[in-house]
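Numbered by mature numbering (1 follows the signal peptide of the UniProt record, and there is no 0), the letters in the sequence shown go through residues -20 to -1, 1 to 517 in order.
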Amino acid sequence: MHRCLQISEILYLVLRVLQGDPEDHYIALHPSTLAALARTCRAFREPALNILWERQNNIVGIIQCLPSGCWEYRHVREGRKGEMLSFMRSLVPRDWIRFIYYARKIKYLELSGKGSDHRDRFPSDAALLDLSTYRVSGALFPCLRKLSLFEVKSGYWNIMNIFVSPVLKILNVYDSGFGKRPSERDVTSLLSDIVRISSDLSTLKLELQGPDNRPNSIPFILEDLRALRDVNLDLPDDRLAAGASFAWLRSLPNLTCLTLRDDGLPVDLNLASKTISSSKFTSLKNLSIEICNLSPTYAMLQVFSGVPLKTLNIRVADCEERPILGSDVQELLETVARCCPHTSLRSFSIDLDVLAESYEQIRLRSSHIQSLLVFKNVTEVTLETGFCLEIGDDQFKDIIMAWPQLSRLSIHVPRTWSREFRPMLTQASLEMLAVHCPLLRHLVINFDATQMSQPTQGYGMGRLLEFLNVEWSPIERPEDAAAFLSAVFPQLTSITSMASYVVNRTYERRWADVSKALECGRMMRSVTGMEARPSGC
C-alpha cells in the first residue's frame, strides 16, 4: 500500500508551483504571489515565507529588513545609474532581529554585476563594509547552501567571508578578468575561508579568466576539502603547479565530475602523465576538457587513461601555430579511443574552433572518425569539429550500426562553410536511423531533401524522435518532405533550420512549411486516431 501525502507535503508542492522555475526567470511568478499567500493564514505563513526567501539574486531585499531609520537611498550622480543604499548610523544588536529571521531562510544566493535589484537599487561599498563590521554572527546567512558570484563588484570582495556558511555545499565563481578585482589575494582568502568553515563543500566551480587572479597554490589550499564531487577550474599556467593540481584531484575520493580549462597551459604535460596514476580516479565519471591547443589535450587524455568515464567533452580553440587539419582530428579521436575504456563511455562531445582559409582544409572523411566506432554503448554523440563531414549513405550506415543505443546524435556543419558544403546523405540515412537506432530522440543532421519519396523501410519505427535540426539542408518540395518525415517519425511535430542565416531563405520558408504540415498531421491523428498524410495543411 502506498503512502499518502500529508497536508504539509501537498502545501509544499503547491508553493513550489507558485514559485515557478527558479532556473528560468522568464516564467517564474512574481514574489507577491507567495507574499500574499503568507498573509492568508497562520498555517501558510512559514512555508510560504521559506519558499519566498529561499532564493535571492541580490542582498538589497534582506538589507531592507533592518530598521528603516538606519538606511536610506541616494541617487547616484556619477558613473552608475540608479539608487545607492547607505547606512545613516551605526548598527546595534537589536537592529538585527528581523534581519536574522529572514536571513536564515536564504539557501541560494546569487550575486552578479552591480548586485542591484529589479529597481536598479544597490548597496554602496561602505554599506557592505558596515554589514561585516556590525554583524552579530560569523555567517550573515547561516543556512546558505549555494553561493554564486558572477562579475561581482569590488566591494563584495572586501567582505566575502560573511557569505561563507558551515552548510555551504556549492560555490560558483566567475570573473572575466577585466576589472581590478578579484586579485590573487582575494581568491586565496575566499578559498581559505571555504576550507576553514565549509569543510563539506561538494561542488567547486572557479572560472577566473584574468591573468592575475589564479593562485598557483589552489591545490595546496584546498587539500583538506575531501567531500568534493564536482570540480570546475582553470589549471595554473606553471607546469609544476599544473602537475600538483592533477595530484590533488587524483586524491579526491568522491570526485565524479571534472572540468579543466586553461588559456595558456604549458604544452609539456609529460611530467603529469608520467607521475600520476589514473587508478586513483576511481569515482570519476564525467570529464570535460576546454583548452586552447591540441598538444596538451593529448597529455591530459593520457593522465586519465583507463578511467571508466561515462561522459567525455572536449573543446579546443584554434590557437596552434599551424591550422588544425583533418589528420589532427583523426589523431585526437584515436587518442580518445586508446585512453577510454570502450564499454563505459555513454556520451561523447567534441567542439573544435577551427580557423581555415579554404574549404579544402576543413573537409573530413569517414576514415577520420573511424576510431570512435569502438564505443558500442554510446547514447549521445556530438561532433562539432569545425569541419564538414563528407560521408555518403553507405559510410553513415557503418556509423549507426556501431551505435545502436543512440538517443542523441548531432553532426554539425560550420556556418562559415555552409554555402560550399553539399550534403551527400539522403533520406535513406534517416530510414536507417529509424530502423537501427529506435531510441533516437534528438537529431542534428544535414541531408539532401531535394528528392524525397515515400519510405521503403523504417515506416513508423522512429517513434521517439522529438527534435530534428536540419541546419543547412537543401529542400525542394515541402509536402514530400513532410510526408516522409511523418511516416518515419510519427511523433515529430516541428523542425529547426538554420538556412536563413547564410544559405537560402527559400529553404528556410520550405522547412517552415514542413513544420506546419507536421503539426497539422499530428493534430489530425490526435482527433481521428488514424494515420494521416500531412500534405495539404
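For each residue, glycine too, the CB sits at the ideal point set by N, CA and C.
Shown here, S70 sits in coil according to DSSP, grouped into three states, outside any helix or strand. In this chain, F130 is not harboured by any alpha helix (DSSP H); it is covered by the beta strand (DSSP E) spanning K126 to F130.
Collapsing the DSSP output to three states places R457 in coil. Looking at M404, L448 and L413, the one whose alpha-carbon comes closest to that of V424 is L448. Of E314, D308 and E90, the smallest CA-CA separation from K126 is found for E90. Rounded to whole angstroms, the separation of the alpha carbons of C417 and Q437 is 13 Å. In the DSSP annotation of this structure, the continuous segment of the beta strand (DSSP E) that includes V153 starts and ends at I150 to D155. Contact annotation: the stretch 16 to 31 does not touch the stretch 60 to 76, with fewer than three C-beta pairs closer than 8 Å. Boundaries for P103: no alpha helix (DSSP H) harbours it, while the beta strand (DSSP E) harbouring it runs R101 to P103, taken from the DSSP string.
Proximity to E411 across D100, D374, S145 and H392 peaks at D374, based on C-alpha coordinates. Excluding the 5 residues flanking it on each side, L129 has same chain C-beta neighbours closer than 6 Å at L91 and V153, in chain order. Beta-bridge pairing by DSSP links R295 to E270 and D331.
F143 carries a helical assignment under DSSP once its states are collapsed to helix, strand and coil.
Across the structure, S275 and F367 are spaced so that their CA atoms are roughly 19 Å apart. For D242, the pairing in a beta bridge is given by DSSP as I271.
For H422, the enclosing beta strand (DSSP E) has its first and last residue at H422 to V424. DSSP places E360 in the uninterrupted beta strand (DSSP E) bounded by E360 to E364. Between A221 and L353, the alpha-carbon positions lie close to 36 Å from each other. Taking C-beta atoms under 8 Å as the contact rule, D210 and T236 qualify, at a distance of about 7 Å. No residue range can be given for R443, since it is assigned to no beta strand (DSSP E) and is classified by DSSP as neither H nor E.
For K377, the enclosing alpha helix (DSSP H) has its first and last residue at D373 to A382.
Contact check for P103 against I201 fails: the beta carbons are separated by 8 Å or more. Under the 10 Å beta carbon count, N357 is surrounded by fewer than 16 other beta carbons and is classified as exposed. With 16 or more other Cβ atoms inside 10 Å of its own Cβ, Y136 counts as buried. When the alpha-carbon of E456 is set against those of I380, P470 and T430, the nearest one is in T430. In this structure E(-12) is exposed. Its beta-carbon is surrounded by fewer than 16 other beta-carbon atoms within 10 angstroms. Selection M503, M504, L465 and R295 evaluated against V494 yields L465 as nearest (Cα-Cα). Beta-carbon to beta-carbon, L(-3) and T20 are separated by about 12 Å, too far to satisfy the 8 Å threshold. Contact between the stretch 283 to 294 and the stretch 341 to 349 is absent: fewer than three C-beta pairs spanning the two stretches fall below 8 Å. In this structure, the alpha-carbon of L186 lies about 7 Å from that of D214. Residue environment for S48: exposed (fewer than 16 other C-beta atoms within 10 angstroms of its C-beta).
About 6 Å separates the Cβ atoms of L289 and S324, confirming a contact at the 8 Å cut-off.
Remark: C-beta atoms of G501 and F469 do not approach each other more closely than 8 Å.
DSSP places N212 in the uninterrupted beta strand (DSSP E) bounded by D210 to D214. Taking the Cβ atoms as the reference, A106 lies roughly 15 Å from I142, outside the contact range of under 8 Å.
About 6 Å separates the beta carbon of P162 from that of D155, a gap short enough to meet the 8 Å contact definition.
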